[in-house]
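Before any comments, here is the structure.
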Amino acid sequence: MSRYSPIAPSSLTADQHKAYDEGSEICSSVFGDKFLYKNEDGAFIGPFAPLLFTPTLVDPFFKLVVELGKLPGLPSSAREVAILATGSRFQSKYELYAHERVAALYKPHGGSDRKCEEWEEAFWRQCS
């Protein structure tokens with residue numbers, strides 16, 4: 002559970018609403034339907050919920066996320082392994098929830114579904 006409660010869109014200030022709209026557009030285009038980033042009321046959840054308490058940070062935060070995803074020399078699968086290892090180490094439930102779904106999109110090179118399962122099992126053994 003986040004230390005910051007989600008803010009329903011109907012309760013947002015003008016600045017928060019502008020940031021919410023920007024963040025929603027970016028989340029939709031970057032994350033799509035890979036995982037939930039809003040609750041049933043439409044409020045941001047997980048690491049996105051606190052952003053609206055400082056609406057001026059929404060745009061720079063998402064720009065950083067997008068740019069980190071473009072780093073040369075760091076394959077998407079390796080990035081997801083690093084994120085999952087960090088999430089596991091700090092028992093970050095939302096991070097694990099979201100990035101397990103993102104990581105499932107990246108199979109090891111030439112891997113079959115079984116190979117992917119073996120890779121995932123090996124990963125989780127390393128994290129425990």
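Take the position in the sequence shown, starting the count at 1, then add 1; the result is the number in my numbering. Think of the CB as a built atom: it goes at the ideal place given N, C-alpha and C, for glycine as much as any other residue.
Residue i and residue j look like a contact to me (Cβ under 8 Å); what is the Cβ gap, rounded to whole Å?
{"i": "Val-103", "j": "Glu-68", "result": "About 17 Å; that fails the 8 Å criterion."}
{"i": "Asp-42", "j": "Ala-9", "result": "5 Å"}
{"i": "Leu-97", "j": "Leu-85", "result": "7 Å"}
{"i": "Leu-53", "j": "Leu-13", "result": "7 Å"}
Can you list, in chain order, the residues of its chain with a C-beta nearer than 6 Å to that of residue i? Leave out the 5 residues immediately preceding and following it.
{"i": "Gly-47", "result": "Tyr-95"}
{"i": "Val-31", "result": "none"}
{"i": "Pro-51", "result": "Tyr-5"}
Report yes if the C-beta distance between residue i and residue j is below 7 Å; otherwise report no.
{"i": "Phe-49", "j": "Ala-99", "result": "no"}
{"i": "Gln-17", "j": "Pro-76", "result": "no"}
Around the Cβ of residue i, are there at least 16 other Cβ atoms within 10 angstroms (buried) or fewer (exposed)?
{"i": "Pro-7", "result": "buried"}
{"i": "Lys-71", "result": "exposed"}
{"i": "Ala-44", "result": "buried"}
Leaving aside the five residues before and after residue i along the sequence, list all residues of the same chain whose C-beta is less than 8 Å from its C-beta, in chain order.
{"i": "Asn-40", "result": "Pro-7 and Ile-46"}
{"i": "Thr-87", "result": "Ser-93 and Glu-96"}
{"i": "Glu-101", "result": "Leu-85"}
Residues in its own chain within less than 7 Å of residue i by CB, not counting five upstream and five downstream?
{"i": "Gly-74", "result": "none"}
At least 3 beta-carbon pairs within less than 8 Å: the region 20-29 vs the region 56-65: yes
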